[in-house]
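Novice: Structure provided below as structure tokens; questions to follow.
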Amino acid sequence: MMLHQVALVALFCVQTLANPGCGVPRSKHQALIVRGSPTQPGEWPWHAGVYHRSGRNSQYACGGTLISAEFVVTAAHCMLDEGTSYRLTRKRLFVRLGVHNLDRIDPGAMQQFTIADIHMFGNFSRDNLHNDIALLELGEMVRMTDYVVPACVNRNVNLDGLAGTAVGWGVTEDDEISLELKQVTLPVIDSVDCLESDRDLFGTMMHKGMFCAGYQNGSSVCNGDSGGGMFFNRDGMWYLGGIVSFQKFRKHGTNLCYTRGYAAFTNVAKYLDWMGNITGMDFSERPAVLVTTTEAPKKRERVPCSPRVSDKSML
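Numbering (mature numbering (1 follows the signal peptide of the UniProt record, and there is no 0)) for the sequence shown: -18 to -1, 1 to 297.
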């Protein structure tokens, strides 16, 4: 693909999860995406695949991030039909979690969900991709496993100078979708430097709810990475900071992205009030401790499982 000591408040989060806290993979691996590196199953257990239906057919369309037992966050433009740009109905979408290889699905790891509701940010613009964020409310509660765990959600608006990791099944340097999930570490770029790098693209597209990230050496995110997350590690926990939004095409008639330019990401911290209103989650405090339950939940209850204390390509 082209890609500080605190007391934790114990809450009863209605999930089957023995591992305390969000943002911590159960699988212990050391460790977009063009020139990205391979990942291992369970290494990014919050990464979701968003699929589009057309009749009896379906295909992978975008990435997403699990932030609680019933919500996945993704890019708003992933809710549009690729051919018509019309908004898709919930019945034309579904989400898969626990997937590592798009062609070789492990039924013991994968969970598939219908969509109960689509929440797109009200001021989303399909023309310039401002406010490119959406929440997918899943049709049933997620079962937490070694391969499915929610990410924490970042509250820090200013990410300049930090390095984050983007993951996804995006188009590779060979103009093909990567079947295996890949990762790439990218620095967040100052908005002025980003603008000056390509005024034609970022001059009209950049928005206060976005940030730039990447290198100018061929490592970036690309088509198919859209909607996936950019994550920042703090004290061993992974926080969702950005959502892949757009990049520039390298040449017309292909899916190849311009790998020597920056990519734009939706800044998740800018939308926490809206996200809290939709999900009922409290993003003002530190991550909660998740307590294992022995029975499946009898009803849907929303509880915090994340932090509490021009040529453009829609990727």
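We put the CB at the ideal spot given by N, CA and C, even for glycine.
In the DSSP assignment, the beta strand (DSSP E) including residue 299 goes from what residue to what residue?
Specialist: Missing from the structure shown is residue 299; the chain here goes from -18 to 297 and no further.
Novice: Would DSSP call LEU14 helix, strand or coil?
Specialist: Confidence is the limiting factor: at LEU14 the pLDDT is only 34, short of 50, which leaves the residue's position unreliable and the question unanswerable from this model.
Novice: Give a yes or no on whether the C-beta atoms belonging to ILE100 and LEU118 are separated by under 8 Å.
Specialist: Against a cut-off of 8 Å, the Cβ pair of LEU118 and ILE100 comes out as a contact.
Novice: Could you tell me which uninterrupted beta strand (DSSP E) segments, each at least 3 residues in length, are contained entirely in the segment 50 to 75, listed from first to last along the chain?
Specialist: DSSP runs (the beta strand (DSSP E)) wholly in the segment 50 to 75: 53 to 56.
Novice: Where DSSP assigns a beta bridge to CYS194, which residues make up the other side?
Specialist: Beta-bridge pairing links CYS194 to ILE171 and ALA246.
Novice: Would the segment 88 to 95 count as touching the segment 42 to 49 if we require 3 or more Cβ pairs under 8 Å?
Specialist: No, the segment 88 to 95 is not in contact with the segment 42 to 49.
Novice: If you count every other CB in all the chains shown that lies within 10 Å of the CB of LYS164, and 16 or more means buried, which is it?
Specialist: Classification for LYS164: buried.
Novice: Measuring straight from C-alpha to C-alpha, what distance separates LEU183 and ILE171?
Specialist: Roughly 15 Å between the two C-alpha positions.
Novice: Looking at the strands, I want to know which residues DSSP matches up with LYS252.
Specialist: DSSP, once it has assigned bridges, lists no residue as partnering LYS252.
Novice: According to DSSP, is THR21 part of a helix, a strand, or is it coil?
Specialist: Coil, per DSSP.
Novice: Under three-state DSSP, which class holds GLY31?
Specialist: DSSP places GLY31 in strand when its eight states are reduced to three.
Novice: Determine the direct distance from the alpha carbon of GLU64 to that of VAL149, and round the result to whole angstroms.
Specialist: Between VAL149 and GLU64, the C-alpha separation is close to 22 Å.
Novice: ARG78 and ALA30 - do their beta-carbons sit closer together than 8 Å?
Specialist: Yes. Within cutoff.
Novice: So is GLN12 buried or exposed if we call it buried at 16+ other beta carbons inside 10 Å?
Specialist: Here GLN12 scores only 38 on pLDDT, less than 50, and its place in the model should not be relied on; the value that follows carries that caveat. Counting Cβ neighbours within 10 Å, GLN12 comes out exposed, since fewer than 16 surround it.
Novice: I need the DSSP call for ASN113, collapsed to helix, strand or coil.
Specialist: ASN113: coil per DSSP, three-state reduction.
Novice: Out of SER208, LYS73, MET219 and GLY121, state which residue places its alpha-carbon closest to the alpha-carbon of CYS134.
Specialist: The candidate whose alpha carbon is nearest that of CYS134 is MET219.
Novice: Using 8 Å as the threshold, is the C-beta distance between THR71 and VAL32 below it?
Specialist: Result no, Cβ atoms of THR71 and VAL32 do not sit closer than 8 Å.
Novice: Compute the Euclidean distance between the alpha carbons of ARG38 and LYS73, then round it to the nearest angstrom.
Specialist: Cα-Cα distance, rounded: 12 Å.
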